[in-house]
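J.: With full-length UniProt numbering applied, the sequence shown has no gaps in its numbers, which climb one by one up to 384 at the end.
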Amino acid sequence: MNIIIAIRNYIIGFFYRNVFKPICFSQDPEIVHDKFTSVGEFLGSHRFTKFVVKCLFLYKNKMLAQNVCDINFYNPIGLSAGFDYEAKLTQILSDMGFGFHTVGTITHLPYEGNPKPRLGRLPKSQSLLVNKGFKSSGAKAGIKKLEKLNFKNPIGISIGRTNGNEDVTIQSQAVNDIVSSFKLWEESKVEHSYYELNISCPNLFGSASFYSPQNLDELLEALFKLGITKPVFIKMPINELDESVLSMLKIASKYNFITGVIFGNLQKDRSDPSFVKEEIETATKGHFSGKPTFKRSTELIRLTSKNFNKRFIIIGCGGIFTAKDAYEKIKAGASLLQMITGMIFNGPQSISDINRGLVKLIKKDGYASVSEAVGVDNKNKFNN
Ligand SMILES: Cc1cc2nc3c(=O)[nH]c(=O)nc-3n(C[C@H](O)[C@H](O)[C@H](O)COP(=O)(O)O)c2cc1C
């Protein structure tokens with residue numbers, strides 16, 4: 001069976017890289033993205049097309065299954081926030097081989113997005129330029145759509161503060177806005193499994209920020225009063241210094257409803273050595289995904305795992321393209337992983353490729369399951 005899946009993935013990957021990707025990469029990235037999600041929505045709405053997608057992409061292995069914070073994940077690879085911000089893909093991604101996925105970021109009030117261009121490509125740097133600024137149809141529209149559906153995979157809702165609205169620019173307004181959003185989702189009948197609290201979108205108007213411990217404390221205190229019962233993961237920035245991140249984590253650790261953290265969001269630092277000079281010099285306004293996020297997000301996973309050991313479940317996100325990348329984040333302390341850019345550059349079969357590769361790496365190191373490998377780098381160091 002493994003050999004058949006390997007041949008299947010090779011053929012799909014070859015076709016993707018040599019035919020599909022050159023055509024897509026010659027067109028406007030936002031148009032391609034919109035078409036892709038619309039096709040995904042169509043594929044997820046029919047039994048036959050779902051079956052075909054399963055035959056083309058699915059890979060399952062018991063060694064990858066985990067129960068994390070009382071949620072069953074059949075593998076650790078999720079789709080990160082920002083790809084399915086209009087909740088179109090909830091019926092297809094499990095057939096494509098994802099273990100879970102995040103819808104959003106959805107803001108309380110709608111926003112048409114930052115002025116274009118909002119997306120760009122840096123192919124040599126293996127990165128995407130993002131300047132969407134929380135384009136969103138708003139929480140009420142998202143809830144209306146998702147209440148009608150049930151989900152095979154765990155689904156998370158990413159919540160961030162409303163952008164582009166004069167009434168949501170300063171701190172207290174941002175806190176009220178985020179609390180109102182959580183309230184709507186809590187009162188809804190949507191069967192989501194967890195939340196992401198996105199405090200790290202770098203493309204927003206106004207002065208509100210939750211990076212200072214006081215501001216973060218104020219937000220979490222207000223959310224605590226809602227009595228949220230589903231796990232909440234904070235989506236963290238990767239451009240803060242270690243001390244600043246540790247201060248934020250210390251505040252978050254006071255609140256039991258904060259189950260974990262996600263490292264992390266986009267790369268703001270244009271001097272990161274993984275950028276190819278000629279590409280970064282001509283890049284327009286925005287911040288960056290993919291390879292330039294890999295190193296720092298992994299460092300912060302390790303920092304969190306070492307300093308907060310079992311307090312937080314860590315979701316590793318940023319620059320995962322291969323099984324080796326995924327395994328590095330797992331061994332640094334991530335229980336679950338998320339990705340977007342690797343899939344766009346390498347093709348949709350890369351989810352199955354990464355999961356297959358993970359099984360090989362786990363077996364090679366003598367572990368019986370993926371959960372045994374979580375944070376082993378840090379444990380070994382403590383033991384030595
Ligand atoms: C097109 C695009 C849109 C994104 N929008 C969001 C978003 O709305 N909310 C969020 O938390 N992260 C967003 N992100 C960041 C991703 O979730 C992820 O943290 C980052 O891209 C690093 O992962 P990757 O290298 O696998 O893409 C976006 C990323 C991309 C590429």
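Even for Gly, the Cβ is constructed at its ideal location relative to N, Cα and C.
Would methionine 343 and serine 350 qualify as a contact pair, given that the criterion is a beta-carbon distance under 8 Å?
T.: Yes, Cβ-Cβ distance for methionine 343 and serine 350 is below 8 Å.
J.: Work out the CA separation of glycine 290 and serine 244 for me, nearest whole Å.
T.: Computed Cα separation, rounded: 23 Å.
J.: Let's see if you can read the secondary structure: which residues bound the alpha helix (DSSP H) around serine 305?
T.: Residues 291–308.
J.: What would DSSP say about serine 188, mapped onto helix, strand or coil?
T.: If DSSP states are grouped into helix, strand and coil, serine 188 belongs with coil.
J.: Here's a check: name, in chain order, each residue in its chain whose Cβ is nearer than 8 Å to the Cβ of isoleucine 31, leaving out the five neighbours to either side.
T.: None.
J.: In its own chain, which residues sit with a C-beta less than 7 Å from the C-beta of valine 190, not counting the 5 before and 5 after it?
T.: Contacts found: Ile143, Leu146 and Glu147.
J.: Determine whether the beta carbon atoms of proline 110 and glycine 138 lie at a separation below 8 Å.
T.: Result yes, Cβ atoms of proline 110 and glycine 138 sit closer than 8 Å.
J.: Examine ligand 1 and report whether any of its heavy atoms sits within less than 7 Å of the Cβ of glycine 78.
T.: Glycine 78: no, Cβ never under 7 Å from ligand 1.
J.: If you follow the alpha helix (DSSP H) that arginine 8 is in, where does it begin and where does it stop?
T.: Arginine 8 -> alpha helix (DSSP H) spans 2–15.
J.: Return helix, strand or coil for phenylalanine 98, following the three-state DSSP convention.
T.: Phenylalanine 98: coil per DSSP, three-state reduction.
J.: Hey, quick one: how far does the beta strand (DSSP E) through methionine 339 stretch, first residue to last?
T.: Per DSSP, methionine 339 belongs to the beta strand (DSSP E) from 336–339.
J.: Does the beta carbon of isoleucine 3 fall short of 7 Å from some heavy atom of ligand 1?
T.: Outside the cutoff, so no.
J.: For glycine 375, which three-state DSSP category applies?
T.: Three-state DSSP puts glycine 375 in coil, outside helix and strand.
J.: Look up isoleucine 351 in the DSSP assignment and say whether it is helix, strand or coil.
T.: Helix, per DSSP.
J.: Candidates Ile170, Lys364, Ser188 and Arg161: which alpha carbon is nearest aspartate 177's?
T.: Answer by Cα proximity: Arg161.
J.: By the DSSP assignment, the alpha helix (DSSP H) with tyrosine 63 in it spans what residues?
T.: The sequence given here places methionine at residue 63; tyrosine does not occur at that position. Premise fails: methionine 63 is in no alpha helix (DSSP H) and is neither H nor E.
J.: Could you pull the DSSP bridge partners for glutamate 196 from this structure?
T.: Glutamate 196 is bridged to Ser158 and Phe233.
J.: Applying the criterion that 16 or more other CB atoms from any shown protein chain within 10 Å of the CB defines a buried residue, is phenylalanine 321 buried or exposed?
T.: Burial call: buried.
J.: Relative to the alpha-carbon of arginine 47, which residue among Glu279, Ile92, Lys235 and Gly375 has its alpha-carbon at the smallest distance?
T.: Per the Cα distances, Ile92.
J.: Give the secondary structure of asparagine 131 by DSSP, where H, G and I count as helix, E and B as strand, and everything else as coil.
T.: Coil, per DSSP.
J.: For glycine 44, name the three-state secondary structure that DSSP assigns.
T.: Correct three-state label for glycine 44: coil.
J.: When a residue counts only if its C-beta is closer than 5 Å to some heavy atom of ligand 1, which residues count, in chain order?
T.: That query returns the following residues: Ser80, Ala81, Gly82, Thr105, Leu128, Val130, Asn198, Lys235, Asn265, Ser289, Gly290, Thr293, Cys317, Gly318, Gly319, Met339, Ile340 and Thr341.
J.: Just to confirm, are serine 335 and valine 68 a CB contact at a threshold of 8 Å?
T.: Yes, the pair counts as a contact, with Cβ atoms nearer than the cut-off.
J.: Looking at the secondary structure, which residues open and close the alpha helix (DSSP H) in which valine 245 lies?
T.: Start and end: 242–253.
J.: The alpha helix (DSSP H) spanning isoleucine 280 covers which residue range?
T.: Where isoleucine 280 is concerned, the enclosing alpha helix (DSSP H) stretches over 277–281.
J.: How big is the Cα-Cα spacing for leucine 226 and asparagine 256?
T.: Computed Cα separation, rounded: 13 Å.
J.: Tell me where the beta strand (DSSP E) around asparagine 215 begins and ends.
T.: Where asparagine 215 is concerned, there is no enclosing beta strand (DSSP E), although the alpha helix (DSSP H) it sits in stretches over 213–224.
J.: Count Cβ pairs between the region 40–54 and the region 83–102 that sit closer than 8 Å; are there 3 or more?
T.: A contact exists between the region 40–54 and the region 83–102.
J.: Taking its Cβ as the centre, do 16 or more other Cβ atoms sit within 10 Å of arginine 296, making it buried, or is it exposed?
T.: Arginine 296 is buried by the Cβ-count criterion.
J.: Cβ atoms of lysine 132 and arginine 121: under 8 Å apart, would you say?
T.: Going by C-beta atoms, arginine 121 is not nearer than 8 Å to lysine 132.
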